[in-house]
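Now the structure itself:
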């Protein structure tokens with residue numbers, strides 16, 4: 056069993072901090088997805104450098120989401136953050 060790491064509420068701050076370490080100006084906040092059952096805990100990533108995460112079909116955003124999930128240590132969909 057994996058040990059739980061970063062809690063869900065800390066994810067927006069974690070994203071901003073990781074972005075700053077990479078020299079990216081990113082902000083993140085929770086926002087409704089419109090389908091909370093299929094897409095819970097939506098975190099919108101914005102800021103001057105957020106568009107760069109969407110290039111190459113969103114590969115960087117997918118990688119960031121993977122790292123967030125690893126930091127969270129969770130495997131239950133209702134407890135994971137989903138980046139948009």
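Numbering (my numbering), first residue to last: 56 to 139.
Even glycine gets a Cβ: it sits at the ideal position worked out from N, Cα and C.
{"Item": "Rounded separation between residue 83 and residue 115 - CA only", "Value": "15 Å"}
{"Item": "Pairwise C-alpha distance: residue 92 and residue 56", "Value": "Residue placement at residue 56 is flagged as unreliable, the pLDDT there being 43, under the threshold of 50; the coordinate-derived value follows with that caveat. In a straight line, the C-alpha of residue 56 is about 25 Å away from that of residue 92."}
{"Item": "Which of helix, strand or coil DSSP assigns to residue 86", "Value": "coil"}
{"Item": "One or two residues paired with residue 123 in a DSSP bridge", "Value": "BP columns for residue 123 are empty, so no partner."}
{"Item": "Beta-ladder partner(s) of residue 138, from DSSP", "Value": "98"}
{"Item": "Through-space distance from residue 61 to residue 86, alpha-carbon basis", "Value": "19 Å"}
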